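A.B. asks: So in the numbering used here, the last spot in the sequence shown is 279, and the numbers never skip.
We put the beta carbon where it would ideally sit given N, CA and C, even for glycine.
If you're wondering where the values come from, they're calculated on a predicted model, not measured in any experiment.
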Amino acid sequence: MDFLSENRLSECAMEAPESMMNSEENHDELLSAVLTLPETLRQPMYLYYYEDFNTLEIAEVLQIEPENVRNRMSRARKKLKMMLGKKLGAIRDGRERARKDAHPSP
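1) I need the straight-line Cα distance from Met-256 to Ser-247, nearest angstrom please.
2) With three or more beta-carbon pairs closer than 8 angstroms as the criterion, would you say the region 202-218 touches the region 236-252?
3) For Leu-203, does the count of other Cβ atoms within 10 angstroms reach 16, so buried, or fall short, so exposed?
4) From the DSSP output, in three-state form, read off Ile-231 for me.
5) So is Leu-229 buried or exposed if we call it buried at 16+ other beta carbons inside 10 Å?
6) What's the C-alpha gap between Asp-201 and Leu-220?
7) Could you have a look at Leu-210 and say whether DSSP puts it in helix, strand or coil?
8) By alpha-carbon positions, which one of Arg-243, Met-218 and Glu-197 ends up nearest to Val-207?
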């Protein structure tokens, strides 16, 4: 997918290991996850990462404030991390780690 900036997506959006972003299958999986987001979260993410719009352009297109664009993208990233967390080897939003610390295995 030539319209997707691998560095921008892996460092900014997902903070995923570069190896995760290297295969076409992973690009497709990430796009599928983005497309399953609610419309208010999907639109800014798609425009920013797949159409290369900046936050001001997105705000203009969606007729919302730039701060709202940033908030929606932040919420979308959190949702994507939860959705793809196991695939990325991440611990889901810190709760699993807290449970393991509270109930250590013998």
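C.D. replies: Working from what's here:
1) Approximately 14 angstroms between the Cα atoms of the pair.
2) Touching, per the Cβ criterion.
3) Result: buried.
4) Helix, per DSSP.
5) Around the beta carbon of Leu-229, fewer than 16 other beta carbons sit within 10 angstroms, so the residue counts as exposed.
6) Put simply, the backbone Cα of Asp-201 is about 16 angstroms away from that of Leu-220.
7) DSSP places Leu-210 in coil when its eight states are reduced to three.
8) Closest by alpha carbon: Met-218.
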